[in-house]
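Presented below is the structure to which this report refers.
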Amino acid sequence: MSSPHHRPLRLGTRGSPLALAQAKQIARQLREQCGRPSVLITVATPGDESTAPIERLGTTGVFTTTLRETLLRGDVDLVVHSCKDLPTAPVPGLQVAAYPAREDPRDALVWPGGTSLDALPDGARIGTGSPRRAALLRAARRGLQIVPIRGNVGTRLRKLADGEVDALVLATAGLSRLGLLDEATTPLEPSVLMPAPTQGVLAVECRTDDPVTATQLSILDHAQTRAAAITERGFLAALDAGCSAPVGALAELAAEAGAKGAEGAEGPEPAVRVSGVIAAPDGSSVIRAQTTGPARDGDALGRGLAHALLEHGGAGLLDRALRAVTS
């Protein structure tokens, strides 16, 4: 009988090309850094099987609940999520054992005809399935047409090539992981399109009763990424909002995570700067705020920023977004 330290790990993943690319990345890192082989097991989720707009599939867990149920049953040893899809509420029996190093968190404009959002002609059709991107695009350029679009990255790129839209907005991280960054792709700065909370972050989850797997996965954990993810997830948790809400957040560390504080001799305590945004669905109003504090207080910082935005008009904007989804 093989040792539990060396038998292949059963790695659960969605079956989309991007999800498989992300799972293969984690499997490769486990092999290289832990000497642990993995076998991929694909799991279909409601979000993969439906063509309905994402905001009408429910606010949380569309892409993650089925994976987590498979993990809890013991059918797999770990699962890999796009962290921005992961609900903020903890699940008893599960833990995020690793947040590997983050990819570029920014959105990207995919436009064969140019390289600037400002250069798009009035009336240009931009495809996106994200209420956040739609709202912020409307706020940035009033003359654009937002075209709802769903499907994996390849499907959206084919619709662009077929002329169904003039441009797309996609996550830079996803394009990078699929090897699809090229001259037609222009990153959009957070001051224009604030990313979704934890965009570009992967969350590697396992069971709490499997300490061997948890210990090995922890080797993949990246301290700065974990600090940013905890801060941004705190922001999202305080809003009680999911993928149907036009909200964004980005946390950036000002010093190396893991450095000792004032009592240590290795350098200053790391600080985290977190920016957040809540937008009206039609882009007519956008509320932004920013705060900075110790990285160890990231969850509280994110939650505090969310409450500040809610108190300064954000609650009303989220109510408008909810009514737009349910009407």
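All the letters of the sequence shown, read from the start, carry residue numbers 0 to 326 under numbering that gives the first Met the number 0.
Just so you know, even glycine gets a beta-carbon here, dropped at the ideal spot from N, CA and C.
These figures come from a predicted structure and were not determined experimentally.
Under the rule that a run must span 3 or more residues, the beta strand (DSSP E) segments found entirely inside the region 256-319 read 270-278, 285-293.
Non-local beta-carbon contacts of T44 in its own chain, meaning distances under 8 Å to residues more than five positions away in sequence, involve R13, V61, F62, T63, T64, T65, L66 in chain order.
The three-state secondary structure of Q144, taken from DSSP, is strand.
If you ignore the 5 residues before and after G313, its C-beta comes within less than 6 Å of the C-beta of I277, I286, all in its own chain and listed in chain order. Here D220 has A96, A97, Y98, P99 as same chain residues with Cβ atoms under 8 Å from its own Cβ, once five neighbours each way along the sequence are excluded. Counting other Cβ atoms within 10 Å of its Cβ, T197 reaches 16 or more and is therefore classed as buried.
If you look at L238, you'll find it in the alpha helix (DSSP H) that goes 222-238. In chain order, R272 place their CB closer than 6 Å to the CB of E251, counting only its own chain and leaving out the 5 sequence neighbours on each side. Check the Cα spacing between T41 and each of Q28, C33, D76: the tightest is with D76. Each residue's CA atom was taken as its position, placing P189 and R105 some 7 Å apart. Look at E251 here: in three-state DSSP terms it is strand. Cβ-Cβ distances below 6 Å link E31 to nothing in the same chain once the five nearest sequence neighbours on each side are left out. Proximity of the region 301-319 to the region 228-246 meets the contact definition, three or more beta-carbon pairs being nearer than 8 Å. By the C-beta criterion, the region 166-185 is judged to be in contact with the region 107-125, since at least 3 inter-stretch pairs fall below 8 Å. The C-alpha of L93 is placed about 23 Å away from the C-alpha of L17. Counting along the chain, the unbroken beta strand (DSSP E) around T185 starts and ends at 184-187.
Between L8 and D208, the alpha-carbon positions lie close to 15 Å from each other. Counting of Cβ neighbours within 10 angstroms places T154 among the exposed residues, the total staying below 16.
Taking C-beta atoms as the reference points, I148 and G126 count as a pair closer than 8 Å. T290 is the residue among G122, L321, T290 whose C-alpha sits nearest the C-alpha of A305.
Secondary structure of G126 (DSSP, three-state): strand.
Excluding its 5 nearest sequence neighbours in each direction, L71 has C-beta neighbours in its own chain below 8 Å: V90, G92, L93, R206, listed in chain order. Check the Cα spacing between T224 and each of V211, L159, L249, D84: the tightest is with L249. Here R105 carries a coil assignment [DSSP, helix/strand/coil].
Within the same chain, and ignoring the five residues on either side of A139 in sequence, the residues whose Cβ sits closer than 7 Å to its Cβ are L116, V191. Straight across, the Cα-Cα distance linking L321 with L309 is about 14 Å.
Counting along the chain, the unbroken alpha helix (DSSP H) around T214 starts and ends at 210-217.
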